[in-house]
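Engineer: Numbering (this note's numbering), first residue to last: 50 to 317. Each residue gets a CB set at the ideal place from its N, CA and C atoms; glycine is no exception. Just dropping this structure here.
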């Protein structure tokens, strides 16, 4: 979670802004990264599996009344054979909405995006494409990455009407990622997530490009060569030019540990 493989603020991982960002969640949560790791584990199993096609569902999936009808009409052996070998994904359902009472005949349009993490059909090639695309950096929620960033580069279909929905978004069971305020939520977890959802850029005193800890190290010569600021106390992380506005700096500090892309907050 703290490694460079996970996007950090600034900027907001959703809109790419800093001061202008209005997103209620502008920093990746531990729970969102844990969700990522679960999906990557599933994709790895699929990519190396014996079968060409897999149905991937989350544990809170709920199948709609027309699920069997839509599956039999749309997810046919002919379609699966035609799309085998190249990356392909079929979105089977998304968040509960009026679309679930649609009485029109089943159809399978291509290229229509829906956030279908809780239930989708994908082949081994698509699983490998998802692994390859997320190997270096996690910079979006898993559903946006799958269904917008990667799926649109390959064959992708969406089942209408949707076959399923997820019970956590429908407020039937507690969400373990972002609690929705229902009776079964864990109060301590909900409070922790609420506190971590958003970083207020106005609370940041200094943007630190890199932070190096060097116990007992004298950085005088390094300062002359690199222009870094040597700090022996946390208060020294705020450059004089930061007062009244934002400032950027690189810091070498005496202590223990190492990090990059850090920020110093008024109330960390």
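Quick test of your reading: residue 198 and residue 182, contact by CB under 8 angstroms. State the CB separation rounded to the nearest angstrom.
Structural biologist: The Cβ separation is near 7 angstroms, so the contact holds.
Engineer: When DSSP builds the beta bridges, which residues end up paired with residue 159?
Structural biologist: 206
Engineer: Can at least three beta-carbon pairs, one atom from the stretch 53 to 70 and one from the stretch 149 to 158, be found at a separation below 8 angstroms?
Structural biologist: no
Engineer: Measure the Cβ-Cβ separation of residue 228 and residue 242 and say whether it is below 8 angstroms.
Structural biologist: yes
Engineer: Residue 104 by DSSP, collapsed to three states: which one?
Structural biologist: It is a strand residue.
Engineer: What does a CB cutoff of less than 7 angstroms around residue 248 pick up in its chain, not counting 5 residues either side in sequence?
Structural biologist: 58, 75 and 76
Engineer: Can you check DSSP and say which residues form a bridge with residue 187?
Structural biologist: 55
Engineer: State whether the stretch 174 to 194 contacts the stretch 118 to 125, with contact taken as three or more CB pairs (one from each stretch) at a distance under 8 angstroms.
Structural biologist: no
Engineer: Which residues mark the beginning and the end of the alpha helix (DSSP H) in which residue 111 is found?
Structural biologist: First-last for residue 111: 110 to 112, but that is the beta strand (DSSP E), not the alpha helix (DSSP H).
Engineer: Figure out for me which residue from 53, 215 and 225 has the closest Cα to the Cα of residue 142.
Structural biologist: With distances taken between Cα atoms, residue 142 lies closest to 215.
Engineer: Among 161, 191 and 71, which has the Cα closest to the Cα of residue 87?
Structural biologist: 191
Engineer: Taking the C-alpha atoms as reference points, what is the distance between residue 171 and residue 128?
Structural biologist: 12 angstroms
Engineer: I think residue 318 touches residue 180, with their Cβ atoms under 8 angstroms apart; what is that distance to the nearest whole Å?
Structural biologist: Residue numbering for the chain in the displayed model covers 50 to 317; residue 318 lies beyond these limits and cannot be assessed.
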